[in-house]
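The sequence shown runs 4 to 144 under the working numbering.
Ideal placement from N, C-alpha and C gives every residue a C-beta, glycine not left out.
Note that this is a predicted model, so its numbers are computed, not measured.
Below is one structure, written out as structure tokens; the observations come after it.
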Amino acid sequence: MKRIHILILIAAIALSACGRNKPGILGADAPADNVPNIVGSYALNALDPTGEQYGGTLTITNGDQLNDYKFQWLISGGIQEGTGTLEGNQLTFTWNSLAGTDQVVSGTGVYTVTVNGELHGTRTIDGVETPGQETAYPNPK
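Here it is in structure tokens:
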């Protein structure tokens with residue numbers, strides 16, 4: 004059983020590294036009163052606080068209240084979840100790890116929404132001073 008988990012983790016890491024190209028040019032930041040719908044699936048390109056690149060998938064769904072959202076990141080074999088609120092073109096959130104690490108990791112973040120529905124901003128890890136940088140590109144529907 005342990006061998007299967009290790010193989011799945013290795014496969015997930017390998018797949019998350021495949022096909023990573025230089026991130027595309029982002030659209031302009033969306034006007035605060037005209038933000039596109041952010042619900043959907045995104046391809047994620049990012050740098051962690053140490054400058055290491057990583058990628059994965061971000062899925063955003065509607066939350067329980069207007070302008071509230073739920074997040075799920077699938078990153079290099081790890082699963083993280085979060086909740087956030089959209090105010091104008093700023094999406095502020097908290098997150099925590101669910102699987103893929105030996106420890107519980109959590110933090111906060113802020114994305115800015117562009118006119119094309121892209122997301123860009125920072126994500127912090129509790130206890131780490133420097134934030135990471137993330138950019139999320141909408142996957143075609």
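- Per DSSP, the beta-bridge partners of residue 32 are 117.
- Counting along the chain, residue 68 sits inside no beta strand (DSSP E), nor does DSSP assign it H or E at all.
- Residue pairing of residue 141 in beta bridges, as defined by DSSP: 45.
- Of all alpha-carbon atoms in 113, 51, 53, the one lying nearest the alpha-carbon of residue 95 is that of 113.
- Of the other Cβ atoms in all chains shown, fewer than 16 fall within 10 Å of the Cβ of residue 28; this residue is therefore exposed.
- Closest by C-alpha distance to residue 58, out of 67, 48, 52, 66, is 48.
- Residue 56 is bridged by DSSP to 50.
- When only Cα atoms are considered, residue 31 and residue 119 end up about 8 Å apart.
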